[in-house]
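Written below as structure tokens is the structure these notes are about.
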Amino acid sequence: MKKIINDPNQVVTEMLDGVVAAYPDQIKRIPDTTVVTKKDAPVQNKVGIVSGGGSGHEPAHAGYIGKGMLDAAVAGEVFTSPTPDQVFEAIKAVDGGSGVLLVIKNYSGDVMNFEMAAEMAEAEGIDVAQVIVKDDVAIEERDGRRGVAGTIFVHKIAGAKAEAGASLEEVKAAAEKVIANVRSMGVALTPCIMPASGKPGFELDDDEMEIGIGIHGEPGTERKPLGSADDIAAELMDHILADMELAESDDVAVMVNGMGATPEMELQLVNRKVQAILQEKGINTHKTFVGEYMTSLEMAGCSVTLLKLDADMKELLDSPTTAPAF
Amino acid sequence: MKFTADLAIDWMTKANQKIQDNKDYLSSLDQAIGDGDHGINMARGFDAVMNKLGNNDYEQVADVWKESAMTLMSKVGGASGPLFGTALLKMSMAVKGEAEVDDKTFVEALEDALAGIKQRGKAEEGEKTMIDVWAPVVEKMNEAQTVEAGVLRDTAESAMEATKDIVATKGRAAYLKERSKGHLDPGSVSSYYLFAALAETLEGEG
Ligand SMILES: Nc1ncnc2c1ncn2[C@@H]1O[C@H](COP(=O)(O)OP(=O)(O)O)[C@@H](O)[C@H]1O
Ligand SMILES: [Mg+2]
């Protein structure tokens, strides 16, 4: 293992120190926790938005803290869901009297830990709503799907809705609408290595790629010889489009997300093909995001996300945010 | 049996030993069909439990279990943290107020623990999760209405081994579908360590 670290067991807490030090005017850490919040949290009479998950996905989730996006992010150990007490701390810290929305990615650990935190908060009289993101079309059954890069769009649109003064119910509905309309799929070229174990999470031959990989290296749909950028983009798009109802002149947002070790140059190659496919189908790209949004340590690979937009969602997506990673 | 707070601490101590000794093995099982962190998660949690238990005095079994439950819940994370935490919390609630827990109450506590795991994980037997060890153990203890060390260990061990043949439908291993077959379920193996440790505690007492 070759990593720039100090103590493998201190990676998460030291990373959070770094994040707070990078944006001291915007972000603060709740002492003795792995929770970071907006500097001015709680914002009175605004629905608070809390997200989080295992670490190793930077800039998720702390990078999405800011006006118009998240109020708090809870960091678990690398690839491990944060615990209920930490999520509960985050909820308490951002509740400005209008309730709190939890954005959860669909993994059994995340769902259980966040649910327990919600129960703890409800017992203290805080209004909590939850949404579960499941955008990864590599899994056939919808309810079993993992939450991956599409989560960023949920953060953005729910955050903008909350900023606009909507109620908890309305913010939740906006988040659910994104979840219903967002689809992603990824590919990996090389595995990632968890600092605590020092071992690659899976193995891939030099000339192989895995289509449909998860952001923790969970298996995909197919392992096969490495294809060209165009082939990879076309294959991911095939799966995504097959799962969406998109008609000519529909509007979408596009995200081409790097998994950690893929240069932006390659991501742009993928984006080029993604846009060409959309154009061919007469689908209108409203906005494109290319870069690292939801990584998987030093995995090489990328994911493509499409979000079908209506007028409301466009406005919320376009509204300003101060979140450093968006 | 007369299960006391001291025995409850002894159980956790022995369980911790097994988890620490097998940390890498548990992670490698999770690497095959999950994300490779199970041993790390459990070792971190039990390490914290030992720290807590070593620094406080406990009069009742319920207090030991509650402290252990809350510590696991706040230190393990992932799927196994809430589940083992819930199991011990339910057990502690079932024996609240009793200085010495008899067989009948102990069996009831295990039943509550199983019900708690199922409810929290929204899972049933046969989905290749820790439930596949907890359920047969509870069933066996319930039939006998006694907690006998040998039976406990054997039941847990064969149930753990049987998870190899199951296709996962819950947890991360479910992503593998058919390919999850042929691998032990990591959470079932750590559950086996828990019951094997309990068996040793009971043998030491007898
Ligand atoms: N829904 C569930 N119900 C019961 N047990 C589960 C469930 N999901 C996962 N498990 C158990 O948790 C174990 C994995 O724990 P761990 O690796 O620590 O968490 P994670 O899967 O979040 O990485 C599995 O081997 C399985 O026994
Ligand atoms: Mg795991």
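These protein sequences, in sequence, are chains A and B.
Letter by letter, the first sequence follows residues 1 to 326 of our numbering.
Letter by letter, the second sequence follows residues 327 to 532 of our numbering.
Glycine included, C-beta positions come from ideal geometry on N, C-alpha and C.
Predicted, not measured: the structure shown is a model, and the values here were computed from it.
By DSSP, does residue i sit in helix, in strand, or in coil?
i: residue 284(A); result: strand
i: residue 193(A); result: strand
i: residue 521(B); result: helix
i: residue 31(A); result: coil
i: residue 531(B); result: helix
i: residue 165(A); result: coil
i: residue 268(A); result: helix
i: residue 36(A); result: strand
i: residue 204(A); result: coil
i: residue 132(A); result: strand
i: residue 183(A); result: strand
i: residue 102(A); result: strand
i: residue 247(A); result: coil
i: residue 257(A); result: strand
i: residue 225(A); result: strand
i: residue 73(A); result: strand
i: residue 424(B); result: coil
i: residue 149(A); result: coil
Find the residues of chain B that neighbour residue i, judging by a C-beta separation of less than 7 angstroms, and give them in chain order.
i: residue 77(A); result: 403
i: residue 124(A); result: The contacting residues do not exist; residue 124(A) stays about 17 angstroms from chain B at best.
i: residue 80(A); result: 363, 367, 403, 404
i: residue 209(A); result: What residue 209(A) touches in chain B: nothing, since even the nearest Cβ is about 17 angstroms away.
Once you ignore the five residues that flank residue i on each side, which residues in its own chain have a CB closer than 6 angstroms to its CB?
i: residue 435(B); result: 417, 420, 421
i: residue 402(B); result: 367, 371
Whose CA, out of the options, lies closest to the CA of residue i?
i: residue 318(A); options: 260(A), 160(A), 2(A); result: 160(A)
i: residue 186(A); options: 219(A), 203(A), 164(A), 202(A); result: 219(A)
i: residue 354(B); options: 336(B), 365(B), 518(B), 443(B); result: 365(B)
i: residue 278(A); options: 306(A), 201(A), 50(A); result: 306(A)
i: residue 475(B); options: 489(B), 530(B), 384(B), 383(B); result: 530(B)
i: residue 369(B); options: 477(B), 406(B), 511(B); result: 406(B)
i: residue 276(A); options: 258(A), 229(A), 259(A); result: 229(A)
i: residue 97(A); options: 169(A), 288(A), 45(A); result: 45(A)
i: residue 179(A); options: 108(A), 81(A), 130(A); result: 130(A)
i: residue 144(A); options: 151(A), 202(A), 135(A); result: 135(A)
i: residue 21(A); options: 152(A), 47(A), 63(A); result: 63(A)
i: residue 346(B); options: 516(B), 526(B), 525(B), 505(B); result: 516(B)
i: residue 58(A); options: 299(A), 118(A), 39(A), 172(A); result: 299(A)
i: residue 320(A); options: 6(A), 43(A), 24(A), 65(A); result: 65(A)
i: residue 262(A); options: 152(A), 291(A), 41(A); result: 291(A)
i: residue 111(A); options: 349(B), 518(B), 523(B), 498(B); result: 498(B)
i: residue 384(B); options: 502(B), 508(B), 331(B), 440(B); result: 331(B)
Using a threshold of 7 angstroms, is the CB atom of residue i nearer than that to any non-hydrogen atom of ligand 1?
i: residue 367(B); result: yes
i: residue 496(B); result: yes
i: residue 448(B); result: yes
i: residue 309(A); result: no
i: residue 76(A); result: no
i: residue 457(B); result: yes
Less than 7 angstroms between C-beta atoms, sequence neighbours within five positions excluded: which residues of the same chain meet that for residue i?
i: residue 274(A); result: 233, 237, 254, 256, 304
i: residue 308(A); result: 181, 244, 246, 250, 252
i: residue 451(B); result: 457, 458, 461
i: residue 481(B); result: 462, 463, 466
i: residue 286(A); result: 251, 252, 253, 309, 314
i: residue 86(A); result: 33, 34, 35, 74
i: residue 395(B); result: 411, 414, 415, 418
i: residue 449(B); result: 455, 457, 496
i: residue 473(B); result: 327, 429, 432, 433, 467, 528
i: residue 9(A); result: 196
Could you tell me which chain A residues have their CB closer than 7 angstroms to the CB of residue i, listed as they occur along the chain?
i: residue 502(B); result: 219
i: residue 513(B); result: What residue 513(B) touches in chain A: nothing, since even the nearest Cβ is about 10 angstroms away.
In chain B, what lies closer than 9 angstroms to residue i by C-beta?
i: residue 113(A); result: 399, 403, 404, 405, 407, 408
Once the 5 residues before and after residue i are set aside, which same chain residues still bring their CB inside 8 angstroms of it?
i: residue 126(A); result: 91, 92, 95, 99, 100
i: residue 209(A); result: 187, 188, 189, 223, 224, 225, 226, 227, 232, 301
i: residue 280(A); result: none
i: residue 404(B); result: 363, 364, 367
Cβ-heavy atom distance between residue i and ligand 2 below 7 angstroms?
i: residue 214(A); result: no
i: residue 272(B); result: The requested residue 272(B) does not occur in the structure, where chain B is confined to residues 327 to 532.
i: residue 509(B); result: no
i: residue 404(B); result: yes
i: residue 361(B); result: yes
Below 8 angstroms on C-beta distance, what does residue i contact in chain A?
i: residue 377(B); result: Within chain A, no residue comes near residue 377(B); the closest Cβ sits about 15 angstroms away, beyond 8 angstroms.
i: residue 353(B); result: 197
Is any heavy atom of ligand 3 found at a distance shorter than 7 angstroms from the C-beta of residue i?
i: residue 364(B); result: Judged by which ligands are present, ligand 3 is missing from the structure shown, whose ligands are ligand 1 and ligand 2.
If the cut is a Cβ gap below 9 angstroms, which residues of chain A does residue i touch?
i: residue 479(B); result: Those within 9 angstroms of residue 479(B) in chain A number zero; the least Cβ separation is about 28 angstroms.
i: residue 447(B); result: 108, 112
For residue i, return the contacting residues in chain B, with the cut-off set at a CB-CB distance below 8 angstroms.
i: residue 214(A); result: 501
i: residue 56(A); result: Within chain B, no residue comes near residue 56(A); the closest Cβ sits about 10 angstroms away, beyond 8 angstroms.
Inset, instruction - May I ask you to list, following chain order, the residues of the stretch 84 to 114 of chain A that have a beta carbon less than 8 angstroms from some beta carbon of chain D? - result: The chain inventory of the structure shown lacks chain D, comprising the protein chains A and B.
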